[in-house]
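Counted the way the working numbering counts, the sequence shown spans residues 963 to 1127. Notes follow once the structure below has been shown.
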Amino acid sequence: MEIFKEFGLDPIMLGAQILNFLIIFYLLKRFLYKPVLGMLKTREDKIKEGIKQAEEARETLEKTIEQEKKILAKAHEEAKALVLDARTKAVETSKEIEENTKKQAEKILMDARVQIEQDAQRMESELSQKISLLAEEMLEKSLKDVFGEKEQKIILGKALKNIKK
């Protein structure tokens, strides 16, 4: 006990302080540490769950980005195919139009040639008739003074036969 006195310690006070410490320790452990530790554990679980959800979201995002790239690549390929198809159809259509235009032009030319031939034949026929009439009139006028009516008719008949041949 002398050691206690040399150091200026009172053993009863020391015992009371130890007892107070143990009571406070028990109370803190019972009423403060457990709820705080429970809250910390709950918070830790929530953080772990949040990290897990963030990881799942990141994976989902990566999958979505990958799918988006695939869809864009597929759409790009389809667009290329559509453009190529459209160009092919345009070339085919232009060839068809060109062929149709050529056929129509040839038909118009053929129709024009036929029309020209018909017009030429009609004009020849008309010209031939007019020449015949002129020749007949000239013969009548020139034969009037030289021959009689009977002779004129005979000569005119022969001349008309020769002209028509």
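Quick reminder that beta carbons are idealized off the backbone N, C-alpha and C, glycines included. From a predicted model like this one, the values you see are computed outputs, not experimental measurements.
Quick test of your reading: Gln-1130 and Glu-1102, contact by CB under 8 Å. State the CB separation rounded to the nearest angstrom.
No answer is possible for residue 1130: the residues shown for the chain start at 963 and end at 1127.
Quick check on Phe-1109: does DSSP put it in helix, strand or coil?
Reduced to three states, the DSSP call for Phe-1109 is coil.
Would Ile-1125 and Ser-1104 be called neighbours here (beta carbons separated by less than 7 Å)?
No. Outside cutoff.
Round the Cβ separation of Leu-1122 and Glu-1086 to the nearest angstrom and send it over; I've been treating them as touching at under 8 Å.
Incorrect: roughly 18 Å between the Cβ atoms, too far for contact.
Could you give the DSSP three-state label for Asp-972: helix, strand or coil?
If DSSP states are grouped into helix, strand and coil, Asp-972 belongs with coil.
Taking only the alpha-carbon atoms, compute the straight-line gap between Asp-972 and Lys-1010 and give it to the nearest angstrom.
Cα to Cα, Asp-972 sits roughly 51 Å from Lys-1010.
Rounded to whole angstroms, what is the Cα-Cα separation between Ala-1052 and Lys-1031?
Going from the Cα of Ala-1052 to the Cα of Lys-1031 covers about 31 Å.
Could you check the C-alpha separation between Lys-1025 and Leu-1044 for me, to the nearest Å?
One C-alpha to the other measures close to 28 Å.
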